[in-house]
Amino acid sequence: KGGIEVKLIDELKDLSCYRTVVDCIFGTGFKGEVKGKAKNAIELINASGAYVVAVDINSGLNGDSGMCGNAGQTQTWDSKLTASCAKNFCVRSDITISIGSFKPGHFLNMAKDVMKQKVNCDIGIRPVEKPYRLVEARDFAEYFSNRKNFSNKGTYGYTAIIGGSKKYSGALRLACMANAAMRSGAGVVKVGLPNSLYHDLIPLILESTVFPLSDDDGELVFNEEEFKALISNVKTVAFGMGIGLSDEVSKCLKFLLENFAGTLIVDADGITLLSKMDREILRHSKCKTVLTPHLREFERLTGCPKEEILACPVKMAETYALDTGAVVLLKGPSTIITDGVRTYITDAGCSGMATAGSGDVLSGILSAVCSYIPDLPLAVAAGAYINGKAGEKAQEKTNPVSMTAGDTSMCIAEVISDIIKT
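Just so we're aligned, residue 488 is where the sequence shown starts under my numbering, counting upward by one.
The following block contains the structure:
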C-alpha cells in the first residue's frame, strides 16, 4: 500500500546492494548456539556495509547476559573469542530498538561492542523481568546540588583509604585514590599506608591527611591501636588496593569487618583475602560492606566458574548480595550494582578505562560518595556512574590507547558539574 516492494528471498547470498537491513532473526529469548541459515544470515548482514537496524535485540545476543550464544557455549572465555563471536555470530547494528523496555543484555558484556546506539520503544507492555534501574544523574543529583554555606568539612564525611605496599607502587596508587575522593566531595581523606611509603606519598597529595601504619619492609603489619585511631571518626573506609595478601593484611581486614561501624569498601587484594574467609564474617560484620569485584575476583568470591557468571551476571550478583548482606558492584563493560533487592545498571564507561588504576579511582570515588549519600545502593550506583562518565570524558580528550586512570580522575569535577546542572 505504501509503494514498497516486498521480496521473499529463499537463499541469501549477498546483501551489499541494500542500504538498510532490519534484523528480526531472533528475539530477546534467544539462547544456545547460532548455526545453519541463521549463522549465514548474520555473517551476510555484518559484511553488507548497510545501515543495520536490530529490532528488540541484536540476533545472536542473549537478552539476559549480553553474550553471543556461541561464546556462552564455550568452556573457555577470552577477549579473542569474544571479538570473533561478535563478528560472526551476532548482528552488529547501527541502532537497536528495544521493544517495551531495555533488557540487561542491552548493556552487559558484549553489548557495547555490537550496538552503536540503542533506543527504547514503549508499546505499553509492562516488563516481566525482575525490575532493575538504569542509573541516571537525576537519581542522586540532590546530594550534589544542595551544599549549604552553613557547613564544614565534617558535614560531608571523613573517609579513610587503606592500601599500598612497596611491591605495588603504593604511593602513586594511593595518591590517585585520595585525589579521586577529594574531587568527589569527601570532607576529609585520611590515607593509611605502610610507614616506609610515607615520604614517597607526602609530595603527591597536599589536601589529604597521611596516616603511617606499622610495616615490615613495605608490607603492612597489623597494629590494633593504630587501626582504632585511624577509623575513630570516619564514615567510610576503602581497603585493599595494592595492599598485598599477607596474613598480617588479612588480620587488618578481619579487624575492620568486626569493629568498624561505618561503610567498608573492599577492592582488589582485599577481595582476594575475603574470598579465603568464611562467608559468615560478611554475614555478621559490624559494618556495611561494599564489594567491587571484576569477573575473576567474583569467580573467587562465589566459587562459580566465570562462564556461569557471564551467562547470568545480574542474578549471580543479586544472589551473592542477598546471601552475604553486602552491596555488590560487579565491574564490566557495564556495571551491576545490587544489594539483592534493588538492582542498578550503569552503561557509563569506555574501552579506555581498561587500564591499571581504574579500579583505584572508582574506590576513591566510592569512599567519598558513600560518606554523604545515606542510601548505600544508590551511593554505590552514583559512584559507578561518576567513574564511568569521567572515563568517557577522559577518552574524548585523549584516546582509548593512551588514556590512564589519572586522566579519569582529572575529569571527575566536570562530571559533577554536569550532575549539579541536572
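We put the beta carbon where it would ideally sit given N, CA and C, even for glycine.
Cβ-based neighbour list, residue i, same chain, cut-off 6 Å, excluding 5 preceding and 5 following
i    : result
R579 : N533, V601
I758 : P780, E784
V509 : V540
E706 : S652, G731, S733
L849 : N874
V675 : K640, Y645
V531 : For the record, residue 531 in the displayed sequence is Leu; it is not Val. Cβ neighbours of L531 beyond the five flanking positions: L499, L502.
K677 : A647, T696, F698
T723 : T646, G749, T750, S854, C857, S858
Alpha-carbon to alpha-carbon, residue j and residue i
i    : j    : result
T646 : C577 : 45 Å
R506 : V542 : 17 Å
F517 : G790 : 27 Å
R670 : G846 : 16 Å
D501 : L817 : 41 Å
V888 : D497 : 44 Å
L809 : K494 : 53 Å
S762 : V753 : 11 Å
V721 : T515 : 46 Å
L621 : D551 : 15 Å
K826 : A855 : The sequence shown places Asp at residue 826, not Lys. Near 19 Å, if we compare the C-alpha coordinates of A855 and D826.
M764 : G878 : 33 Å
T563 : E794 : Any answer about T563 is weak, because its pLDDT of 42 lies below 50 and its placement is not dependable; what the coordinates show is given next. Between T563 and E794, the C-alpha separation is close to 7 Å.
Q560 : I907 : Any reading at Q560 must be qualified, since the residue scores a pLDDT of 43, below 50, and its modelled position is unreliable; no value is offered.
Y619 : Y872 : 15 Å
L760 : G870 : 24 Å
C511 : K590 : 16 Å
T811 : R766 : 7 Å
K715 : F742 : 9 Å
D862 : V815 : 14 Å
A725 : I612 : 42 Å
T895 : G679 : 23 Å
S719 : C739 : 15 Å
S588 : I610 : 9 Å
C504 : L797 : 37 Å
Buried versus exposed call for residue i [16 or more other C-beta atoms within 10 Å across all chains shown]
i    : result
Q604 : exposed
M728 : buried
K880 : buried
A900 : exposed
S904 : exposed
P792 : exposed
H593 : buried
R660 : buried
N666 : buried
Y538 : exposed
E492 : exposed
S638 : exposed
L693 : exposed
C608 : exposed
D756 : buried
E786 : buried
V777 : buried
I649 : buried
Residue interval of the alpha helix (DSSP H) (run including residue i)
i    : result
P861 : Taken as a continuous stretch (DSSP letters only), P861 belongs to no alpha helix (DSSP H), as it is neither H nor E.
G679 : Looking at the DSSP string, G679 is not in any alpha helix (DSSP H); the run it does join, the beta strand (DSSP E), is 675-681.
C739 : 734-746
F714 : 711-718
V601 : 598-601
V848 : 845-856
T833 : It is not in any alpha helix (DSSP H) - T833 instead sits in the beta strand (DSSP E) that spans 830-833.
Beta strand (DSSP E) segment containing residue i, residue limits
i    : result
Y630 : Taken as a continuous stretch (DSSP letters only), Y630 belongs to no beta strand (DSSP E), being part of the alpha helix (DSSP H) at 629-632.
K824 : The residue asked about is misnamed: residue 824 is Ile in this sequence, not Lys. Start and end: 822-825.
S585 : 582-586
F698 : 696-700
Y645 : 645-649
Y538 : 538-542
K905 : The displayed chain sequence assigns Asp, not Lys, to residue 905. That residue, D905, is in no beta strand (DSSP E); its alpha helix (DSSP H) goes 899-907.
F726 : 723-726
I689 : No beta strand (DSSP E) holds I689; DSSP gives it neither H nor E.
T750 : 750-753
T779 : Taken as a continuous stretch (DSSP letters only), T779 belongs to no beta strand (DSSP E), as it is neither H nor E.
T507 : 507-510
Residues near residue i by beta carbon distance below 8 Å, same chain, minus five either side
i    : result
E428 : This structure cannot speak to residue 428, because the chain is shown only from 488 to 909.
G844 : R660, C663, T891, A892, G893
T909 : A624, R625, A628, S632
N886 : G839
Interface flag, residue i vs chain E, CB-CB below 8 Å
i    : result
E706 : The structure shown contains no chain E; it holds only a single protein chain.
beta-carbon residue i near the ligand ATP non-hydrogen atom, thresh 7 Å
i    : result
R660 : The ligand ATP is absent from the structure shown, which contains no ligands of any kind.
Close beta carbons around residue i, own chain, < 7 Å, minus the five adjacent residues each side
i    : result
E713 : L700, S701
Y630 : Y859, I860
R770 : T811, G812
Taking 8 Å as the threshold, find out whether the segment 630-640 comes into contact with the segment 681-690 through three or more Cβ pairs.
The answer is no - the segment 681-690 does not touch the segment 630-640, with fewer than three Cβ pairs under 8 Å.
For the structure I just gave you, are there three or more beta carbon pairs, one from the segment 834-843 and one from the segment 794-814, closer than 8 Å?
The segment 834-843, when compared against the segment 794-814, does not touch it at the 8 Å Cβ threshold.
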